[in-house]
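Novice: Before anything else, here's the structure in question.
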């Protein structure tokens, strides 16, 4: 799994490629915490290269969203969510908790 | 067992150490069984996700963390379905005691407990669990082909 982060003036774009499971989810936690510890709470997660995500990853997203939305200081939005992962997100009710966009341009523009 | 022989299906069992790093190989093993059995991409993904969640639960809850304890995985293909049996020798649990996640709760009230088991039940058609202090705990999951689930 590979994570890269790109900083814009008003938000950060976090791109995650590969598979997020119990083994790799801690890396996603680390990447998100690096941003929030730095006072960055408006985050786009580009999922276009995401092949797989288990509940380990979903839990990381939830924790991150709680942090970012606290005091209305920001939020995590999702971009280019693959169909399989969208279906899982719908099943567990996460589509209500995360705004989702077809591509990163739209997602970055929304924040 | 006679049923499998009659259909000439190959039942395969692999044993993995109870580590999260085993999950990649575990998903490959069950994914191949699902694909060889004629399942489509969606069904293969569902099988992989369910088994991943189950193994993660075994590592965390049955064994209390990563280690060299065994997770036995048996893939048993049938013409109309795939049966996967997971066996561990750790602490048994009561699946009826696991709370159903409230998928409609808002962010502040959303809990994370029970997500794995919830996904297992959604991805697979039949899920049964049996705890045995003698023979270990076994989780049997069945996915029917062409079920659209």
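Residue numbers (the working numbering), protein chains in the order written: chain V, 780 to 890; chain U, -10 to 138.
We put the CB at the ideal spot given by N, CA and C, even for glycine.
All of these numbers come straight from a predicted model, not from anything done at the bench.
Can you tell me whether residue 33 of chain U is helix, strand or coil according to DSSP?
Specialist: Taking the first residue of the second chain as position 1, residue 33 of chain U is located at position 44. If DSSP states are grouped into helix, strand and coil, residue 33 of chain U belongs with the helices.
Novice: Along chain V, which residues have their Cβ under 7 Å away from the Cβ of residue 93 of chain U?
Specialist: By one-based count along the second chain, residue 93 of chain U stands at place 104. Per Cβ cutoff of 7 Å: 872.
Novice: Quick check on the burial criterion: 16 or more other C-beta atoms within 10 angstroms. Buried or exposed for residue 60 of chain U?
Specialist: Position 71 of the second chain, counting from 1, holds the residue named residue 60 of chain U. Buried, since its Cβ has 16 or more Cβ neighbours within 10 Å.
Novice: What does the Cβ neighbour count give for residue 4 of chain U, buried or exposed, with the cut at 16 atoms within 10 Å?
Specialist: Position 15 of the second chain, counted from the first residue, corresponds to residue 4 of chain U. So residue 4 of chain U counts as exposed.
Novice: Return the chain-ordered ranges of every beta strand (DSSP E) run that is complete within the region 0 to 81 of chain U and spans a minimum of 3 residues.
Specialist: 1 to 6, 59 to 66 and 70 to 77
Novice: Please report the residue range of the alpha helix (DSSP H) in which residue 871 of chain V lies.
Specialist: Position 92 of the first chain, counting from 1, holds the residue named residue 871 of chain V. For residue 871 of chain V, there is no enclosing alpha helix (DSSP H), as DSSP gives it neither H nor E.
Novice: Note down, in chain order, every chain U residue with its Cβ under 7 Å from the Cβ of residue 802 of chain V.
Specialist: By 1-based counting over the first chain, the position of residue 802 of chain V is 23. Simply 9, 10 and 12.
Novice: Name the residues in the region 72 to 105 of chain U whose C-beta lies less than 9 Å from a C-beta of chain V; which are they?
Specialist: 90, 91, 92, 93, 94, 95, 96, 97, 99, 101, 104 and 105
Novice: Against residue 111 of chain U, what residues of chain V qualify as contacts under a CB-to-CB distance less than 9 Å, listed in chain order?
Specialist: One-based indexing of the second chain puts residue 111 of chain U at position 122. Under the 9 Å cutoff, chain V gives 867, 870 and 871.
Novice: Is the Cβ of residue 838 of chain V closer than 8 Å to any Cβ of chain U?
Specialist: Start at 1 with the first residue of the first chain, and residue 838 of chain V comes out as number 59. Interface residue, yes.
Novice: Could you work out which residues of chain V lie near residue 42 of chain U, taking near to mean beta carbons separated by less than 7 Å?
Specialist: The count along the second chain starts at 1 and reaches residue 42 of chain U at position 53. Result: 833 and 834.
Novice: Assuming residue 9 of chain U and residue 55 of chain U are in contact, meaning their beta carbons sit under 8 Å apart, how far apart are those beta carbons, in whole angstroms?
Specialist: Position 20 of the second chain, counted from the start, is the residue given in the question as residue 9 of chain U. Position 66 of the second chain, counted from the start, is the residue given in the question as residue 55 of chain U. With a Cβ gap of about 6 Å, residue 9 of chain U and residue 55 of chain U count as contacting.
Novice: Between the C-alpha atoms of residue 874 of chain V and residue 68 of chain U, what's the straight-line distance to the nearest angstrom?
Specialist: For the purposes of this step, residue 874 of chain V is taken as the residue at position 95 of the first chain. For the purposes of this step, residue 68 of chain U is taken as the residue at position 79 of the second chain. Roughly 36 Å separates the two Cα atoms.
Novice: Quick one, which of V:844, V:877, V:859 and V:826 has its alpha-carbon nearest residue 799 of chain V's?
Specialist: Here residue 799 of chain V corresponds to residue number 20 of the first chain, with the count starting at 1. Per the Cα distances, V:826.
Novice: At what residues does the alpha helix (DSSP H) containing residue 842 of chain V begin and finish?
Specialist: Working through the first chain from its first residue, we reach residue 842 of chain V at position 63. It spans 834 to 848 - the alpha helix (DSSP H) in which residue 842 of chain V sits, taken as one unbroken run.
Novice: Classify residue 29 of chain U: buried if its beta carbon has 16 or more other beta carbons within 10 angstroms, exposed otherwise.
Specialist: Position 40 of the second chain, counting from 1, holds the residue named residue 29 of chain U. So residue 29 of chain U counts as exposed.
Novice: Are three or more beta carbon pairs between the region 70 to 90 of chain U and the region 123 to 137 of chain U nearer than 8 Å?
Specialist: yes
Novice: For residue 126 of chain U, report the span of its alpha helix (DSSP H) as first-last.
Specialist: Mapped onto the second chain, residue 126 of chain U falls at position 137. Element bounds for residue 126 of chain U: not the alpha helix (DSSP H) but the beta strand (DSSP E), 126 to 133.
Novice: Classify residue 822 of chain V as helix, strand or coil using the three-state DSSP reduction.
Specialist: Reading the first chain from its first residue, position 43 is the one you call residue 822 of chain V. Residue 822 of chain V: strand per DSSP, three-state reduction.
Novice: Quick check: is the beta carbon of residue 107 of chain U nearer than 8 Å to any beta carbon in chain V?
Specialist: As a first step, residue 107 of chain U is located in the second chain; it is residue number 118 there, counting from the start. Yes, because at least one Cβ of chain V sits closer than 8 Å to the Cβ of residue 107 of chain U.
Novice: Buried or exposed: where does residue 850 of chain V fall if 16 or more other Cβ atoms within 10 Å of its Cβ makes it buried?
Specialist: By 1-based counting over the first chain, the position of residue 850 of chain V is 71. By the 10 Å Cβ count, residue 850 of chain V comes out exposed.
Novice: So with Cβ pairs under 8 Å, would you call residue 121 of chain U a contact of chain V?
Specialist: Position 132 of the second chain holds residue 121 of chain U. No, its Cβ sits nowhere closer than 8 Å to a Cβ of chain V.
Novice: Looking at the unbroken alpha helix (DSSP H) that takes in residue 901 of chain V, where does it start and where does it end?
Specialist: Not covered by the structure: residue 901 of chain V. The range shown for chain V is 780 to 890.
Novice: Could you name the residues of the region 840 to 865 of chain V whose beta carbon sits closer than 9 Å to any beta carbon of chain U, in the order they occur along the chain?
Specialist: 841, 842, 844, 845, 848, 862 and 863
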